[in-house]
Each structure stands twice: as C-alpha cells, then as structure tokens.
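Visitor: Dumping the structure here so I can ask a few things about it.
Number of protein chains: 2
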Amino acid sequence: MTTTATETRQFISSVQLLEHWQGHRNLTRRVIEMFPEKELFEFSIGGMRTFAKIAVELLSIAGPGLKGIVEKQVEDFSEETFQPKTKEELLAKWDSETEVINQYFNQISEERFQETFNLFGQYEFPIYQNILYFVDNEVHHRGQGFVYLRALGIDPPFFWERFSI
Amino acid sequence: MTTTATETRQFISSVQLLEHWQGHRNLTRRVIEMFPEKELFEFSIGGMRTFAKIAVELLSIAGPGLKGIVEKQVEDFSEETFQPKTKEELLAKWDSETEVINQYFNQISEERFQETFNLFGQYEFPIYQNILYFVDNEVHHRGQGFVYLRALGIDPPFFWERFSI
C-alpha cells in the first residue's frame with residue numbers, strides 16, 4: 521500500500537474518540553432518564569422496538585464487543601443476558617458499562633485499530649470501523665428515541681449537550 | 521500538557537474519516553430517495569421538521585462549514601440560500617456537495633484538526649469536534665428519517681450499507 525503525507529494525517533487520537541463516545545453515552549443516558557417508566561418499556565412507532573429494547577442492544581454491543589476485540593474472542597452477539605424490568609436497573613447497567621468500556625478501549629493499541637477483526641463472528645472489518653459502528657449505531661438509535669419523546673410530548677435534551685452540568 | 525504513549529495513539533486518519541463520512545452521506549441520500557415526493561416535503565411526527573428540511577440543514581452545515589474552516593471565515597449559518605421544491609433538485613445538490621466536501625476537507629492539515637475555530641461564529645471548538653458534529657448530526661437526523669419511513673410503512677435501507685451496490 522502506498523501512502524502520501526495527506527493520507528497519514530491523524531484525524532483524532534484514541535483518547536479523543538473515547539471522550540467523544542462517552543459524551544454520546546452520557547446524552548443517551550439522559551434520553552433513557554426522560555422516558556416515563558411505562559413508555560420506556562412499551563411505547564413505539566411504526567412497529568419499531570421500544571427505547572428500552574434499543575438501550576439493551578447498545579449495552580450488548582459496546583462492552584461485549586470491546587471485550588471480544590481485546591481478548592481476541594469471537595463470541596456470538598446476544599441480547600438475552602440482560603433483561604431489565606425497570607428504568608433504574610437499566611441506568612445502573614448503563615453506568616457500570618461506562619467503566620467496562622474505558623477499561624477495554626484503553627487496551628487497544630494504535631496498530632490494532634487498523635487490524636481486521638471478526639466482531640461477534642459476523643462483522644469482519646478493521647477494528648476502528650467496528651468501534652465507529654458502535655458510536656454511530658448509538659447516535660442513530662438515539663435519534664429514534666428523540667422522535668419517540670417528541671411524539672410523547674416531551675422535549676428531548678439538546679443534541680450537543682454531551683456532559684451533565 | 522503531558523502526554524503518554526497511550527494518549528497519542530492515532531484512532532483514525534483523515535482519509536478514513538472522510539471515507540466514513542461520505543459512506544454516511546451515501547446512506548442519507550438513499551433515505552431521501554426512498555421518501556415519496558409529497559411526504560418528503562410534508563410528513564412529520566410530533567411537530568418535528570420534514571425530512572426535506574432536515575436534508576437542507578445537513579447541506580447548509582457540511583460544505584459551508586468546511587469552507588469556513590479552510591478559508592478561516594466566520595460566517596453566519598444559513599438555511600435560506602437553498603430551498604428545493606423537488607426531490608430531484610435536493611438530490612442534485614446532495615451530489616454536487618459531495619465534491620465540495622472532498623475538496624475542502626482535503627485542505628485541512630493534521631495540526632488544524634486540533635485548532636479551535638469559531639464555526640458559523642457560534643461554536644468555538646477544536647476543528648475535529650466540529651467535523652465529528654457534522655457527521656453525528658447527520659446520523660442523528662437520519663435516524664429520525666428512518667422513523668418517518670417506518671411510520672409511512674416503508675422499510676428503510678440497512679444502516680450498515682453505506683455504499684451503493
């Protein structure tokens with residue numbers, strides 16, 4: 521592979537990416553919090569999943585995905601292991617996963633971000649692409665959560681407010 | 521500022537970020553295409569904007585934002601200059617902005633990504649954060665577009681299919 525000076529410009533460091541991601545996770549946490557308890561587990565539009573189901577998907581991807589990358593273990597994706605019944609339970613798991621994400625993310629070397637990994641035994645892409653997918657997928661689904669909140673007559677938080685005041 | 525080996529790990533290069541962003545833009549283009557002409561300009565949920573309005577916002581941010589960064593010009597944000605009346609007009613502008621984005625993005629040096637810039641005279645952040653905002657904001661709003669499509673009984677494209685076949 522040939523590279524030029526242009527091609528090797530760094531866009532962001534891993535520390536900046538992690539901070540950016542955790543900022544997004546903090547905003548998603550606030551969206552979970554804003555749902556009334558009942559609607560979090562029951563409300564949906566157009567046959568889509570509830571926001572509680574979406575949050576469980578996000579939790580099933582981030583920590584377990586990074587763990588697989590660090591330990592080089594190809595495990596199937598599963599949303600079955602965590603089935604919260606209350607908002608409180610969901611938020612507690614959200615918070616404990618924050619540390620899990622920090623811990624595993626910081627063990628990935630610069631070289632490994634460029635290596636291909638078969639995530640959950642299904643998605644064979646460079647690791648940086650897998651991680652960008654974790655973030656984008658969260659932003660995408662949280663955008664759906666914003667519509668649910670609006671449809672419920674609740675103003676969502678500002679999109680650019682990533683950290684609590 | 522002290523840095524450690526860990527802190528200076530590169531996460532992605534600028535070329536990888538641009539490719540990632542244009543992949544997202546390609547998916548957003550497909551979402552615009554999937555809306556029926558009438559609903560693109562009229563349908564909304566919970567008092568939110570139509571997807572045409574959202575697409576105009578995205579077009580008003582990306583190219584003009586990068587131009588401001590490259591030319592170091594602080595201009596106000598405006599959605600008034602482009603007011604498409606048809607889907608075809610919107611898609612043509614989407615395509616022409618693809619080149620505008622490539623052209624300006626490739627003029628930003630590694631050092632400048634870390635510099636602070638007062639985007640649209642309002643958002644004083646490091647340039648890499650401004651650019652991540654452009655991408656995230658698009659993913660966020662496109663997530664809303666997916667809900668609109670579902671509510672209209674239309675299956676949206678797969679989230680992970682970023683390039684046309």
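The listed protein sequences derive, respectively, from chains L and F.
Using my numbering, read the first sequence as starting at 521 and increasing by one per residue.
Using my numbering, read the second sequence as starting at 521 and increasing by one per residue.
Virtual Cβ for every residue (Gly too), placed ideally from N, Cα, C.
Does any CB atom of chain L fall closer than 8 Å to the CB of residue 532 of chain F?
Guide: The beta carbon of residue 532 of chain F falls within 8 Å of a beta carbon belonging to chain L, placing the residue at that interface.
Visitor: Establish whether the CB of residue 536 of chain L and some CB of chain F are separated by less than 8 Å.
Guide: yes
Visitor: Since I believe residue 638 of chain F is in contact with residue 644 of chain F (beta carbons under 8 Å), could you give me their beta-carbon distance rounded to a whole number of angstroms?
Guide: Rounded to whole angstroms, the Cβ separation of residue 644 of chain F and residue 638 of chain F is 5 Å, and the two are in contact under 8 Å.
Visitor: Quick check: what's the CA-CA separation for residue 603 of chain L versus residue 656 of chain L?
Guide: 23 Å
Visitor: For a quick check, are the C-beta atoms of residue 664 of chain F and residue 659 of chain L less than 8 Å apart?
Guide: no
Visitor: Thinking C-alpha only, which one of L/633, L/619, L/652, L/592 is nearest residue 546 of chain L?
Guide: L/619
Visitor: Compute the beta-carbon to beta-carbon distance between residue 706 of chain F and residue 625 of chain L, rounded to the nearest angstrom, for a pair I have assumed lies under 8 Å.
Guide: Because chain F here runs from 521 to 685, residue 706 of chain F falls outside it and cannot be looked at.
Visitor: Assuming the contact rule is C-beta atoms closer than 8 Å, residue 671 of chain L and residue 651 of chain F should be a hit. Round their C-beta distance to whole Å, please.
Guide: The Cβ separation is near 31 Å, so there is no contact.
Visitor: Rounding to the nearest angstrom, what Cα-Cα distance links residue 528 of chain L and residue 554 of chain L in this structure?
Guide: 42 Å
Visitor: One question on the structure: do residue 654 of chain F and residue 581 of chain F come within less than 8 Å of each other, judged by their Cβ atoms?
Guide: yes
Visitor: Which residue or residues does DSSP assign as beta-bridge partners of residue 636 of chain L?
Guide: L/646
Visitor: Using the beta-carbon of each residue, which ones in chain L are nearer than 8 Å to residue 652 of chain F?
Guide: 532, 540
Visitor: Just list the residues that DSSP pairs residue 533 of chain L with in beta bridges.
Guide: Looking at the DSSP assignment, residue 533 of chain L forms a beta bridge with F/530.
Visitor: Can you find a C-beta in chain L that's less than 8 Å from the C-beta of residue 679 of chain F?
Guide: yes
Visitor: Considering only their Cβ atoms, is the gap separating residue 647 of chain F from residue 628 of chain F smaller than 8 Å?
Guide: yes
Visitor: So which residues on chain F does residue 662 of chain L lean against when the C-beta distance must stay under 8 Å?
Guide: Neighbours of residue 662 of chain L in chain F, taken as residues at a C-beta separation under 8 Å, are given in chain order as 660, 663.
Visitor: Grab the span of the alpha helix (DSSP H) containing residue 615 of chain F for me, first residue to last.
Guide: 607-625
Visitor: What does residue 566 of chain L touch in chain F if you count any residue whose Cβ is under 7 Å from its own?
Guide: 667, 670, 671
Visitor: Using a threshold of 8 Å, state whether the C-beta atoms of residue 552 of chain L and residue 611 of chain L are closer than that.
Guide: yes
Visitor: Count the other C-beta atoms from every protein chain shown that fall within 10 angstroms of the C-beta of residue 557 of chain F, then say buried if there are 16 or more, exposed otherwise.
Guide: exposed
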